[in-house]
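Asks: Here it is: the structure, laid out below.
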Amino acid sequence: MIETFTALLFAHVLADFVFQTKWINDNKQRFPVLLLHALIVLITAQAALGVYDAPELLALALAHLAIDAVKQWGGFRKLSGFLWDQAAHLLTLLAVAAYVPSLWGVWPDTALPLMALATGFILATRAGGFAVGLLMQPHSMRIRNNGLKGGGWTIGVLERGLVFVLILAELPLGVGFLIAAKSILRFGTASRDQRTAEYVIIGTLASFGWAILIGFATQGLLSLLPPLEITALLP
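Using numbering that gives the first Met the number 0, the letters of the sequence shown correspond one by one to residues 0 to 234.
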């Protein structure tokens, strides 16, 4: 079951956070666009498992479509809506993996830890950007931004990616170093404005916290999978 779930989770994050373009996300209230996204969900699941004739994958894509339709037409656009949406998708992945655990088997098992690592990295960086952005959205209109266009997003992706790598490398002290370094770099701007200081603190804690949670979750998933080939060679 864990093998099928890992492949389905990898396919899901690809469909939702890599292949879902800004245009698709902005136009998902239109049914044809929603249907296109469901088709991407189906294709990525088929590719990840190497299975193209399983009706359960079509059912999974239709369930994904239904969940996204509820989110879009129900107006659930805050952080809570994002989290509930992803939780519902996660449940459908678990249900399919439990119902047909034998879907995995075409690709070698050595691909599984690579899928898990890629999944964690995408969730830490891309998905974390959306989650933190939604959290900070109510406050962003009150902050004057004179920085580079997209600079905050890029900084967030880089810091969450570094935190994710440090957690998997079992170097938690490095996370503390990153927090200290960012605090020093932001000190000049934040010290002149309490509102900006609080905005930076909330965003930083949320960003680091998200990456840490994803890092530990990825470690847990990796512990249930076959080791990487390079890991197997270590004494």
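For each residue, glycine too, the CB sits at the ideal point set by N, CA and C.
Quick one: give me the first and last residue of the alpha helix (DSSP H) that N26 is part of.
Replies: Counting along the chain, N26 falls outside any alpha helix (DSSP H), and DSSP gives it neither H nor E.
Asks: Using the beta-carbon count (16 or more within 10 Å), is A168 buried or exposed?
Replies: So A168 ends up on the exposed side.
Asks: Alpha carbon to alpha carbon, how far is N24 from A14? Give it in angstroms, no decimals.
Replies: Cα-Cα distance, rounded: 11 Å.
Asks: Cβ of F163 within 9 Å of Cβ of A126?
Replies: Contact flag unset, no.
Asks: V131 and G219 look like a contact to me (Cβ under 8 Å); what is the Cβ gap, rounded to whole Å?
Replies: Actually they are not in contact, since the Cβ atoms of V131 and G219 sit about 22 Å apart, beyond 8 Å.
Asks: From this set, F75, V174, F18 and V50, which residue's C-alpha is nearest P100's C-alpha?
Replies: The shortest C-alpha separation from P100 is found at V50.
Asks: CB-CB under 6 Å to T238, same chain, minus the five flanking residues each way: which ones, in chain order?
Replies: No statement about residue 238 is possible, as the shown extent of the chain runs from 0 to 234 and does not include it.
Asks: To the nearest angstrom, how far is the alpha carbon of A65 from that of P31?
Replies: Going by the C-alpha atoms only, they are around 13 Å apart.
Asks: Express the C-alpha separation of L78 and F18 in angstroms, rounding to a whole number.
Replies: About 21 Å.
Asks: I need the straight-line Cα distance from D52 to K27, nearest angstrom please.
Replies: So the alpha carbons of these two residues sit roughly 27 Å apart.
Asks: Rounded to the nearest angstrom, what separates I121 and F16 at their Cα positions?
Replies: If I take the Cα positions, the gap works out to 7 Å.
Asks: So, under 8 Å CB-CB, A96 and F4 are touching, yes? Tell me the CB distance rounded to an integer number of Å.
Replies: At roughly 4 Å, the Cβ-Cβ gap stays under 8 Å, so A96 and F4 are in contact.
Asks: With DSSP as the reference, label E169 as helix, strand or coil.
Replies: E169: coil per DSSP, three-state reduction.
Asks: For L212 and P112, which I take to be in contact (beta-carbon distance under 8 Å), what is that distance rounded to the nearest angstrom?
Replies: L212 to P112, Cβ: 19 Å. No contact.
Asks: What is the DSSP secondary structure of Q19, reduced to helix, strand or coil?
Replies: In this structure, Q19 counts as coil in the three-state DSSP scheme.
Asks: Taking T118 as the reference, give the member of W72, A47 and L102 with the closest Cα.
Replies: Looking at the Cα atoms, A47 is the closest of the given residues.
Asks: What does a CB cutoff of less than 6 Å around A231 pick up in its chain, not counting 5 residues either side in sequence?
Replies: Here A231 scores only 45 on pLDDT, less than 50, and its place in the model should not be relied on; the value that follows carries that caveat. For A231, where only same-chain residues beyond five positions count, there are no Cβ hits under 6 Å.
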